[in-house]
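Undergrad: Got a structure for you, written out below as structure tokens; questions coming shortly.
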Amino acid sequence: MPRVLRFAGDHPVGSAFRRLMPALMFAALFLASCEEKNAYVAPPPPKVTVAKPEQKAVTDYLEFTGNTQSINTVKLVARVEGYLEQQHFQDGADVRKGDLLFTIQVDQYQAQLQQAQSEVLDQKAALEHAETEFARYSRLYKQKAAAATDVDSWRYQRDAAQAGLANAEAQVVLAKLNIDYTQVTAPFNGRMGRHLVDPGNVVGNNQALAEINQIDPIYVYFTINEIELLRVRKLQEEAGGGDYRTRPVPAFAGLANDEGYPHEGRIDFAAISVDQTTGTLLLRAIFPNPDHSMVPGLFARVRVPVGRIANAVLVPETAMGFDQIGRYVLIVDDKNVVERRGVEVGPQQGDYRVISSGLKGDERVIVNGLLRAIPGREVTPETAQATTPPAGKQPAAGG
2 MPRVLRFAGD HPVGSAFRRL MPALMFAALF LASCEEKNAY VAPPPPKVTV
52 AKPEQKAVTD YLEFTGNTQS INTVKLVARV EGYLEQQHFQ DGADVRKGDL
102 LFTIQVDQYQ AQLQQAQSEV LDQKAALEHA ETEFARYSRL YKQKAAAATD
152 VDSWRYQRDA AQAGLANAEA QVVLAKLNID YTQVTAPFNG RMGRHLVDPG
202 NVVGNNQALA EINQIDPIYV YFTINEIELL RVRKLQEEAG GGDYRTRPVP
252 AFAGLANDEG YPHEGRIDFA AISVDQTTGT LLLRAIFPNP DHSMVPGLFA
302 RVRVPVGRIA NAVLVPETAM GFDQIGRYVL IVDDKNVVER RGVEVGPQQG
352 DYRVISSGLK GDERVIVNGL LRAIPGREVT PETAQATTPP AGKQPAAGG
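For our numbering, count along the sequence shown from 1 and bump the result up by 1.
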């Protein structure tokens, strides 16, 4: 039987392959295009805002922490014995000097006053009689009609009556004082504490009834270390000598919830010696407190101006960072690479902070976008609009 030759294209498999070829070629081209689209493209460097530090003259401050204390604290006591009849204030209320606070039973002391007054009348009568008899016997003695012993006796009775009258008058004064003591009044303008004895109880023997604090003005006590003290003394000498007693030294204070240092006062006391155990000197400043916003025992921040910094370097407080090494700012070099720059800081001036060391003043400091900036990596810097830091004397700002 003769053999029949077939070409590959006539084979059933080859025919199918020819039909699939266009689809396979399309798939290959599609995959190639996808690979080109999925190729990794590095993102551009993140954008940050930079600004050069401001340079200007500012006031230099020393900053401390301390506590508030009332300028006067008095325990009100019962100076006479008797029933406590009435309390005339609410615990914690503000009172004025002379306000009636407590009333102690007064009946017995009014009776004692009447008794003392009657004794005065009795002694006056006795004195008048003794003076009359002494004068009469003195005349009789000159006429040889009375003995010298009679004159001496009436002289003694006259002198005794004078002493008795003086004693009776003193008892009147004492009785009036006791009556005054039955009314316990406020010794100064202040704020009352809680009452310690309820009305109806017998009080006396200097028993404490309540406590009153004078808190306008109010004290803030704080300490200064030896290095700062010597620095202040040097600045005082350069300024012509003197201290807080001859030239007022201003002080500014802020409480924990205050923004900055809104309370302005002055230093009015310094201890006479440095505490050798702590190496510090105790200072005290006094502040007006008309709204009673400061109460005794509060934590307080204190700043004291000690001079001027002629050409201070300032950066926004928001540009500052803090880590385990310390304070720092992030700067951008001439290759737009971020660099961490450790700094030492001085006093705050509003929203700015004085940089004591670490910056020259011509660096580009990152002021916005710090979270996008990583030291050693490139960024795209954008220059911030120029702003003016606050004037050197801004006690109510910063902190």
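Yeah, the Cβ is synthetic: ideal placement off N, Cα and C, and Gly gets one too.
Quick check: the segment 82-96 against the segment 144-157, are at least 3 beta-carbon pairs closer than 8 Å?
TA: Too few Cβ pairs lie closer than 8 Å, so no.
Undergrad: Hey, out of 112, 250 and 291, whose CA is closest to residue 192's CA?
TA: When only C-alpha atoms are compared, the closest one is 291.
Undergrad: Is it right to say residue 258 is buried, meaning 16 or more other beta carbons lie within 10 angstroms of its own, or is it exposed?
TA: Residue 258 should be labelled exposed.
Undergrad: Using a Cβ-Cβ distance under 8 Å, would residue 221 count as near chain E?
TA: Absence of chain E from the displayed structure is noted, only one protein chain being present.
Undergrad: In the structure shown, what three-state DSSP assignment does residue 323 receive?
TA: DSSP places residue 323 in strand when its eight states are reduced to three.
Undergrad: So, do the segment 61-70 and the segment 191-206 have three or more beta carbon pairs nearer to each other than 8 Å?
TA: Short answer: they don't touch.
Undergrad: Checking 8 Å against the spacing of the C-beta atoms, do residue 307 and residue 356 come in under that value?
TA: Not a contact, by the Cβ cut-off of 8 Å.
Undergrad: Would residue 200 and residue 318 qualify as a contact pair, given that the criterion is a beta-carbon distance under 8 Å?
TA: Contact: no.
Undergrad: Which residue comes first and which comes last in the beta strand (DSSP E) that contains residue 329?
TA: 328-333 is the span of the beta strand (DSSP E), which, as asked, contains residue 329.
Undergrad: For my contact list, residue 188 and residue 287 are in at a C-beta cut-off of 8 Å; report their separation, rounded to the angstrom.
TA: That belief does not hold up - the Cβ atoms of residue 188 and residue 287 are roughly 19 Å apart, past 8 Å.
Undergrad: Would residue 326 be called buried (16 or more neighbouring beta carbons within 10 Å of its own) or exposed?
TA: Per the 10 Å Cβ criterion, exposed.
Undergrad: Classify residue 160 as helix, strand or coil using the three-state DSSP reduction.
TA: DSSP places residue 160 in helix when its eight states are reduced to three.
Undergrad: I'd like to confirm the pairing. Which residues does DSSP put opposite residue 340 in its beta bridges?
TA: Paired residue(s): 332.
Undergrad: So what's residue 180 in DSSP terms, helix, strand or just coil?
TA: Reduced to three states, the DSSP call for residue 180 is helix.
Undergrad: Leaving out five residues on either side along the sequence, give the residues of the same chain with a beta carbon under 6 Å from the beta carbon of residue 362.
TA: Closer than 6 Å at the Cβ level, and outside the excluded window around residue 362, lie 54, 56 and 314.
Undergrad: Hey, residue 249 and residue 265: beta-carbon distance below 8 Å or not?
TA: Not a contact, by the Cβ cut-off of 8 Å.
Undergrad: Where do the ends of the beta strand (DSSP E) carrying residue 62 lie?
TA: Residues 55-79.
Undergrad: Ordered along the chain, which non-local residues of its own chain (more than five positions away) have a Cβ less than 6 Å from that of residue 367?
TA: Around residue 367: 49, 51, 331 and 374.
Undergrad: So, with DSSP's three-state summary, where would you put residue 268?
TA: Residue state, collapsed to three classes: strand.
Undergrad: Given a threshold of 16 other Cβ atoms within 10 Å of its Cβ, counted over all protein chains shown, does residue 293 qualify as buried or as exposed?
TA: When all chains shown are included, residue 293 counts as exposed.
Undergrad: Just to confirm before moving on: does the CB-CB distance between residue 309 and residue 74 stay below 8 Å?
TA: No.
Undergrad: Looking at residue 45: is its Cβ nearer than 8 Å to the Cβ of residue 381?
TA: For residue 45 and residue 381, yes; Cβs fall inside 8 Å.
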